[in-house]
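Undergrad:
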Amino acid sequence: MDNIKLEYEELIAKIKYHMDRYYNQDEPEISDYEYDQLMIRLKEIEKENPEIIKVDSPTQIIGGTVKREAGVTVEHNVPMLSIQDVFSKEDVLEWVHEVRSMHPDALFDVEHKIDGLSMSIRYDNGELIMAETRGDGLIGEDVTPNALVIPDVVKKLKTVSDYLEVRGEVYMSHEDFDKVNEKQEMLGKKTFANPRNCAAGTLRQLDSKMVKERGLSMFIFNVQAGNDEITASHHNGLELLHKNEKMKTVPSFLCKTDEEILARIDEIGEKRGEYPYDIDGAVIKIDQVAYRDDFPAGSKYSAGHIAYKYPPEEKEAVITDIELSVGMTGRINPTAIFTPIRLCGTTVSRATLHNQDFIDKLGIGIGETVLVYKSGEIIPKIKAVVKEKHPDGAEVYKIPNVCPICGSPAVREEDTADIKCTSEDCPAKLIRRVVNFVGRDAMDIKGFGEEYVKALIDEGYLKNIADIFVLKDHRDELIAKGIIGKEKNTDKILGVIENAKNNEPNRLISGLSIPNVGRTSARTLMKHFDSIDALMNASVEELTGVDDVGETTASDIYNFFHKESNMELIKRLKEYGVNMEAEKVETSSELAGMTFVITGDVTHFKNRNELVAFIEAHGGKAAGSVSKKTTALINNDVTSNSGKNKKAKDLGVEIISEETFLERVLNK
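When the sequence shown is numbered by the working numbering, its final residue is 658 and no position is left out of the sequence of numbers.
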């Protein structure tokens, strides 16, 4: 049971991390399929062990949060909940039969599950009065100005005068997505991973001109509230809105029998590569809306429908080349180049080969036909070699024993699958290290892009990271050569570099390219140690005493700081005035053992982060969601019916204003 609980806690943490990447940051790191597998396992554990279910488990909450910077928040008239996913047709029919057991005359709509961002639109007296994103399901963002520039959004109704609320999916077509990424590349900006990310990020923009420029589309897929004529039958309601109001409604097929339902699911799946937009499943809904409330799916999922998720799409391609690149640790990374194919709505022609073991296991070589898949819609992967199409003379590819960049010897590290360049002076290593150092998750030296890094290395100005802080000594030369722009841009970048010296040392740690140490672990380390010197002098045993630092990471940190070249690097950074001391925060214990959740605006602090810091400085903890463990919910509008307020009331958690909170702390 202890092992089950441990696995359960780890799954919750992992899934919440990926929920945040997907819903809030629009930058998922894993595919839909991989995410679904995590959720399936979590549900299995909860089904077998219901006594350990947490109220904030990903199965109980909706993934999104409200981004206040995107606009004004709004409480939904009708909650915007998720759809319960199923992964087999047997599960679909089990649900259908359950519905029929209570309502033998039930009909079912089978629809495209568009892969985008949900938005509800409210109309009153025929006028569009509000458009809102899903947010956390109870509170979303008011994005009305952005909705008004989406061509598919009907601004004024002709036949409906009473209140109407519809929900749909905002998405980006493949054509518009390709145009946006082409422009991003021309401007030297980061491209979007897929249409869904681009659509979600665009809809949350404060500038509606950008929304209009990028070209968003929308399908209406549900009537949230309206008159009886529109809400009695889901299928007829959508048809009426499409016919009378010219609303663009989701492709929907009304079915009666099991055979019709499965046939439509298969048809949608077989054609998903032909649609001008991405889908990530098929939705099956009870057509008679009144029947839906008889089949509630919990606080997270709306009643009366399920979503069938298709297995990963696969296609054959021929490998035409294998490219090699070198990472900042010297690791040689092989990438397969293959004949372009269309998968999940995007054209792909590249996939990582990971390492020599992976290549050997699958028998990959130039000229081989391989099966490529996209689990979800994120990263293409090679599944297998099609042995029946093995070409004569083709051989399994071998990564050479020399670096493809500098020609130095490359060797396989003991007990790993990595082949690395042995030269410390390899330009590829330096480029990656500097790019990582100046990046947003590290020293955050804005405007210092990869092209500038390459140019400065080529011109001999950067031989290691520390050289960044002496670029100011070459100001006139840099301006004369135009390496990082003209006088104004050069001075701007040099100024940002100078200011970066004052960064908290966790940013420096994150930028040093220590194996297995990223932004989160760097913060954890600097909470434990009060300076870079203290960290450098720590033993492996002391390092493993830090939360979430295992033996491997501890050894990597120890070895990094005991390498002569890195000791010299830190010495130079000190000489140039880079901050090595963590800010000392005095802590007390007034709030020890207490956990607080913050919602709404703050008035006594600049922002919520300051209030969080105040709570932590007094020994308490700040959480993102209300649970039974919450001591109090801090909300200056204690009478509101916000989602967090409702949950706090349901759980018996006290709701207090910021002023009341401060009075209690300061009067203790």
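The beta carbon of each residue, even a glycine, is placed where N, CA and C say it ideally should be.
(1) Compute the Euclidean distance between the alpha carbons of residue 488 and residue 112, then round it to the nearest angstrom.
(2) Helix or strand or just coil, what does DSSP make of residue 606?
(3) Take residue 325 and list the residues in its own chain whose beta-carbon comes closer than 6 Å to its own, dropping the five residues that flank it on each side.
(4) Just the C-alpha distance for residue 485 and residue 2, rounded to the nearest angstrom, thanks.
(5) Excluding the five sequence neighbours on either side, which residues of its own chain have a C-beta within less than 6 Å of the C-beta of residue 355, listed in chain order?
(6) Please state the DSSP three-state secondary structure of residue 699.
(7) Kindly provide the ranges of any beta strand (DSSP E) runs that are 3 or more residues long and lie completely inside the segment 88 to 113, ordered along the chain.
(8) Flag this pair as touching only if the segment 35 to 52 and the segment 602 to 619 have three or more C-beta atom pairs under 8 Å; answer yes or no.
(9) On the DSSP bridge list, what partners appear for residue 660?
(10) Look at the alpha carbon of residue 221 and the alpha carbon of residue 144, and state the distance between them as a whole number of angstroms.
(11) Do residue 634 and residue 568 count as a contact pair if the criterion is CB distance below 8 Å?
(12) For the beta strand (DSSP E) holding residue 157, just list the boundary residues, first then last.
(13) Can you check which of these residues, 625, 248, 322 and 272, is closest to residue 396 by C-alpha distance?
(14) Find out if the Cβ-Cβ distance for the pair residue 189, residue 106 is shorter than 8 Å.
(15) Closer than 8 Å is the cut-off here; do at least three beta carbon pairs connect the segment 510 to 524 with the segment 452 to 472?
(16) Note down the Cα distance separating residue 643 from residue 623, rounded to an integer number of angstroms.
(17) Which residue or residues does DSSP assign as beta-bridge partners of residue 646?
(18) Just checking residue 65 against the ligand ZN - is the residue's beta carbon closer than 7 Å to any of the ligand's heavy atoms?
(19) Spatial neighbours of residue 302 within its chain, please: C-beta separation below 7 Å, excluding the five flanking residues on both sides.
(20) If you compare alpha carbons, which of 161, 337 and 147 is closest to residue 140?
(21) Determine, using beta carbons only, whether residue 352 and residue 376 come nearer to each other than 8 Å.
(22) Starting from residue 562, trace the alpha helix (DSSP H) both ways and give me its first and last residue.
(23) Round the Cβ separation of residue 20 and residue 296 to the nearest angstrom and send it over; I've been treating them as touching at under 8 Å.
(24) Could you give the residue range of the beta strand (DSSP E) that holds residue 325?
(25) Give every residue of the same chain whose Cβ lies closer than 7 Å to the Cβ of residue 593, excluding the five residues on either side of it in the sequence, and list them in chain order.
(26) Does the segment 74 to 89 come close enough to the segment 242 to 252 that 3 or more CB-CB pairs lie under 8 Å?
(27) If you draw a straight line from the alpha carbon of residue 308 to that of residue 181, how long is it in whole angstroms?
(28) Going along the chain, which residues of its own chain have a beta-carbon closer than 8 Å to the beta-carbon of residue 155, five neighbours each way excluded?
(29) Under the three-state reduction of DSSP, which class applies to residue -1: helix, strand or coil?
(30) Once you ignore the five residues that flank residue 498 on each side, which residues in its own chain have a CB closer than 6 Å to its CB?
(31) Which same chain residues, not among the five before or five after residue 398, have their C-beta less than 6 Å away from its C-beta?
(32) Which first and last residues belong to the beta strand (DSSP E) in which residue 370 is found?
(33) Measure the Cβ-Cβ separation of residue 267 and residue 380 and say whether it is below 8 Å.
(34) Express the C-alpha separation of residue 239 and residue 39 in angstroms, rounding to a whole number.
(35) Rounded to whole angstroms, what's the CA-CA distance from residue 432 to residue 153? Just pull it up for me.
(36) What does DSSP give as the partner residues of residue 130 in its beta bridges?
TA: From the atom records:
(1) Taking the sequence shown and counting its residues from 1, one reaches residue 488 at position 498. Taking the sequence shown and counting its residues from 1, one reaches residue 112 at position 122. If you take the alpha carbons of residue 488 and residue 112, they lie about 50 Å apart.
(2) Numbered from its first residue, the sequence shown carries residue 606 at position 616. It is helical.
(3) Walking along the sequence shown from the start, residue 325 turns up at place 335. If we look at residue 325 and ignore the five residues flanking it on each side, its Cβ neighbours are 313, 340 and 342.
(4) By 1-based counting over the sequence shown, the position of residue 485 is 495. By 1-based counting over the sequence shown, the position of residue 2 is 12. Taking the straight line from one Cα to the other gives about 42 Å.
(5) For the purposes of this step, residue 355 is taken as the residue at position 365 of the sequence shown. Counting only Cβ-Cβ distances below 6 Å, and skipping sequence neighbours, we find 384, 385, 386 and 387.
(6) Look at the range of the chain in this structure, -9 to 658, and you will see that residue 699 is not part of it.
(7) 98 to 104
(8) yes
(9) Residue coverage of the chain in this structure runs from -9 to 658, which leaves residue 660 outside it and unanswerable.
(10) Along the sequence shown, read from residue 1 onward, the residue named residue 221 stands at position 231. Along the sequence shown, read from residue 1 onward, the residue named residue 144 stands at position 154. Approximately 19 Å, taken between the alpha carbons.
(11) By one-based count along the sequence shown, residue 568 stands at place 578. By one-based count along the sequence shown, residue 634 stands at place 644. No, Cβ-Cβ distance for residue 568 and residue 634 is not below 8 Å.
(12) Looking up residue 157 in the sequence shown gives position 167. Run containing residue 157: 154 to 161, per the beta strand (DSSP E) assignment.
(13) Numbered from its first residue, the sequence shown carries residue 396 at position 406. Checking every option, the nearest Cα to that of residue 396 belongs to 322.
(14) Here the question's residue 189 lines up with position 199 in the sequence shown. Here the question's residue 106 lines up with position 116 in the sequence shown. Going by C-beta atoms, residue 189 is nearer than 8 Å to residue 106.
(15) With the cut-off at 8 Å, the segment 510 to 524 and the segment 452 to 472 do not touch.
(16) Within the sequence shown, the letter at position 653 stands for residue 643. Within the sequence shown, the letter at position 633 stands for residue 623. About 7 Å.
(17) If you number the sequence shown from 1, residue 646 lands on position 656. Paired residues: 624.
(18) Among the ligands in the structure shown, none appear at all, so the ligand ZN cannot be discussed.
(19) For the purposes of this step, residue 302 is identified with residue 312 of the sequence shown, where counting begins at 1. Closer than 7 Å at the Cβ level, and outside the excluded window around residue 302, lie 23, 363, 364 and 365.
(20) What you label residue 140 is simply residue 150 of the sequence shown in a count that begins at 1. When each option's Cα is compared against that of residue 140, the closest is 161.
(21) Counting from 1 along the sequence shown, the entry for residue 352 is found at position 362. Counting from 1 along the sequence shown, the entry for residue 376 is found at position 386. Not a contact, by the Cβ cut-off of 8 Å.
(22) As a working note, residue 562 is residue 572 in the sequence shown. That run of the alpha helix (DSSP H) goes 554 to 565.
(23) As a working mapping, residue 20 is identified with position 30 in the sequence shown. As a working mapping, residue 296 is identified with position 306 in the sequence shown. 23 Å between Cβ atoms; not a contact.
(24) As a first step, residue 325 is located in the sequence shown; it is residue number 335 there, counting from the start. Looking at the DSSP string, the run of the beta strand (DSSP E) that includes residue 325 is 322 to 333.
(25) The count along the sequence shown starts at 1 and reaches residue 593 at position 603. These residues qualify, in order along the chain: 626 and 648.
(26) Output reads yes: the segment 74 to 89 touches the segment 242 to 252.
(27) The residue labelled residue 308 in the question sits at position 318 within the sequence shown. The residue labelled residue 181 in the question sits at position 191 within the sequence shown. One C-alpha to the other measures close to 26 Å.
(28) Along the sequence shown, one-based indexing puts residue 155 at 165. The beta carbon of residue 155 sits closer than 8 Å to the beta carbons of 67, 68, 110, 111, 112, 113, 213, 214, 215 and 216 from its chain, once the five residues preceding and following it are set aside; these are given in chain order.
(29) Here residue -1 refers to the residue found at position 9 when the sequence shown is read from its first residue. Residue -1: helix per DSSP, three-state reduction.
(30) Here the question's residue 498 lines up with position 508 in the sequence shown. Nothing meets the Cβ criterion.
(31) Along the sequence shown, one-based indexing puts residue 398 at 408. Cβ neighbours of residue 398 beyond the five flanking positions: 411, 412 and 413.
(32) For the purposes of this step, residue 370 is taken as the residue at position 380 of the sequence shown. Unbroken beta strand (DSSP E) run through residue 370: 370 to 375.
(33) Locating residue 267 in the sequence shown gives position 277, where the first residue counts as 1. Locating residue 380 in the sequence shown gives position 390, where the first residue counts as 1. No; because the gap between Cβ atoms is not below 8 Å, this pair is not in contact.
(34) What you label residue 39 is simply residue 49 of the sequence shown in a count that begins at 1. What you label residue 239 is simply residue 249 of the sequence shown in a count that begins at 1. Using only the alpha carbons, I get a separation of about 41 Å.
(35) Within the sequence shown, numbered from 1, the residue matching residue 432 stands at position 442. Within the sequence shown, numbered from 1, the residue matching residue 153 stands at position 163. Their backbone Cα atoms lie some 50 Å apart in a straight line.
(36) Translated into positions along the sequence shown, residue 130 becomes position 140. Paired residue(s): 64.
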